[in-house]
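Chemist:
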Amino acid sequence: MKKKMAILKNGLFTENPVLILVLGCCSVLAISVTVKGALGMGLALTFVLVCSNVVISALRKLIPDQIRIPCYIVVIATFVTIVQMVLEAYIPELYKALGIFLALIVVNCIILGRAEMFANKNTVGDSFFDGLGMGLGYTMVIVGISVFRELVGNGTLLGYRIIPEGYQIRIITQTPGGFFCFACAMAILIAALDKKGKKFNPQIGCDGCCGNCNLGCTSRTPVTDKTSKEAEK
Amino acid sequence: MSEGAKLLLIVFTMVFTENYVLVQFVAICPFLGVSQKFDSCVGMSGAVIFVMTLASAATYLIYTYVMVPLGLAYLSTIIFILVIAALVQFVEIVLKKYMPPLYKALGIYLPLITTNCAVLAVTLLNISDEYNLLESCVDGFAAGVGFGLALILFCGVRRSLERANPPKAFQGLPITLIAAALTSMTFMGFTGIADKLFA
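Respectively, the protein sequence lines represent chains S and R. Be aware that the first sequence starts at 3, since it is given in our numbering, and climbs by one per residue. Be aware that the second sequence starts at 65, since it is given in our numbering, and climbs by one per residue.
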């Protein structure tokens, strides 16, 4: 049980997928406009992450190594489709608010990254807690940013007006505000860690491209890169 | 609205007013990750334009002629991602065999694109916007051009950023994000232009 708690804590803080690993930032930037949307997105992603982690970990001995990425994508896409259908049927307004980003959970690096880095090497139980920790870590950050953006940019919190009309900084809810708030969140984290005496230099996860996950985040060189070098020889 | 005007409107919208990266927050990872070197920006943009146009056409055909008749439209997410993955592999093999120079230029960027969210986004939005085949292809092409434009512009911004001296906490990724915020602010200037221009 102690190990499970450690895994959970790892996802929530030590290796927070958004602020420390810097994975899947598209949806964080786009959906953090309203607290409601952020909460929905966070829970949807957590659900998909937990389910895909469990299934992939259960099947880890059956999936051949060469075609593991397509297998993972099929598993992930299945759960995303389930979430899409459930939300469309029961919470249509949330479905509308999340828009394309709900479908884009399929290519979210956090999920593929965890499948590749954790679920295919660990037991089902551990993978469950890893998915839960990572998912909640993501939810925590996206909700945190959205509280600030909704309050300052729109003057409301969960739809209730807190700051009177006319005192909002609109740009915070728009695209530049998303980048700006994310940058500030990261800078605050860096400053806090710096005070503790820890050096932290965030790098975009997966070597800077969601696509790299396709090749396995863990230090594997792109397949074509290798073959093209061979061809040159 | 005539067909030509509609196509022009799609191009203008996707490149400027609804730019995927700087307005809609799709494909942020490659935008931040690849924009350090000019050469890789150009290569990546070329590969994205190429794959997006092809993927738009392929998914449109599969959706209209296979999925709708079979009543599988609800599986679009799962089918499209597989179609894109297969398409990228296929393109890679064909380019390698028949067009080695193009393969050399785009080759290493192609596998990076399978899970690029912009490609999946453009194919899904083509369907929800009910575009026909030509419009889908133009939409994919223009979205790719918009991505390339943002990437290359931002590459220039990052070059001058290297000489900047930000506060300690902002060094590295945070100041890059601030620069992205300023770049995206320039694109806000296009808001609302498209409809009046082609009305």
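Glycine included, C-beta positions come from ideal geometry on N, C-alpha and C. In this text the structure is predicted, and so the values were computed from the model without any measurement.
May I have the straight-line CA-CA distance separating G139/S from F15/S, to the nearest angstrom?
Modeler: Approximately 7 Å, taken between the alpha carbons.
Chemist: For the structure I just gave you, are there three or more beta carbon pairs, one from the segment 85–104 of chain S and one from the segment 146–160 of chain S, closer than 8 Å?
Modeler: These segments do not touch.
Chemist: G159/S by DSSP, collapsed to three states: which one?
Modeler: Note on identity: in this sequence residue 159/S is Leu, with Gly being the wrong assignment. Here L159/S sits in strand by DSSP.
Chemist: Just the Cα atoms here: how many angstroms apart are C211/S and G97/R?
Modeler: Caution is warranted here: a pLDDT of 42 is assigned to C211/S, below 50, making its placement in the model unreliable, and no coordinate value can be reported.
Chemist: Does chain R have any CB closer than 8 Å to the CB of N122/S?
Modeler: So, not an interface residue.
Chemist: Ignoring anything shorter than 4 residues or poking outside the segment 152–231 of chain R, list the alpha helix (DSSP H) runs there in chain order.
Modeler: Runs found: 164–170, 174–177, 181–192 and 197–225.
Chemist: CA-CA distance, L106/S and G199/S?
Modeler: Their Cα atoms are separated by approximately 37 Å.
Chemist: Thinking C-beta only, is I33/S closer than 8 Å to G26/S?
Modeler: No. Outside cutoff.
Chemist: Taking buried to mean at least 16 other C-beta atoms within 10 Å of its own C-beta, is Q88/R buried or exposed?
Modeler: It is buried - the Cβ of Q88/R has at least 16 other Cβ atoms within 10 Å.
Chemist: Does L64/S get closer than 8 Å to chain R when you measure Cβ to Cβ?
Modeler: It does not: the Cβ of L64/S has no partner Cβ on chain R nearer than 8 Å.
Chemist: Counting only Cβ pairs nearer than 9 Å, list the residues of chain R close to D196/S.
Modeler: The answer, in chain order, is K232 and A233.
Chemist: DSSP three-state call for G102/R: helix, strand or coil?
Modeler: It should be noted that the sequence gives Phe, not Gly, for residue 102/R. Note: F102/R maps to helix in three-state DSSP.
Chemist: Hey, F265/R and A182/R are a contact pair by Cβ (cut 8 Å); roughly how many whole angstroms apart?
Modeler: Limits of chain R in this structure are 65 at one end and 263 at the other, which puts residue 265/R out of reach.
Chemist: Hey, does V24/S have any beta-carbon neighbour from chain R nearer than 8 Å?
Modeler: Yes, V24/S counts as interfacial toward chain R.
Chemist: At a CB-CB cut-off below 7 Å, which residues of chain S make contact with F89/R?
Modeler: Here the neighbours are C28, L31, A32, T177 and G180.
Chemist: Between I113/R and V76/S, is the Cβ-Cβ spacing less than 8 Å?
Modeler: No. Outside cutoff.
Chemist: I need the boundaries of the alpha helix (DSSP H) containing N55/S, first residue and last residue.
Modeler: N55/S -> alpha helix (DSSP H) spans V37 to A60.
Chemist: Leaving out five residues on either side along the sequence, give the residues of the same chain with a beta carbon under 7 Å from the beta carbon of N18/S.
Modeler: Only G139 and V143 meet the Cβ criterion.
Chemist: Drop a sphere of 10 angstroms on the beta-carbon of Q86/S, count the other beta-carbons inside from all chains shown, and report buried for 16 or more, exposed for fewer.
Modeler: Buried, by the Cβ-count rule.
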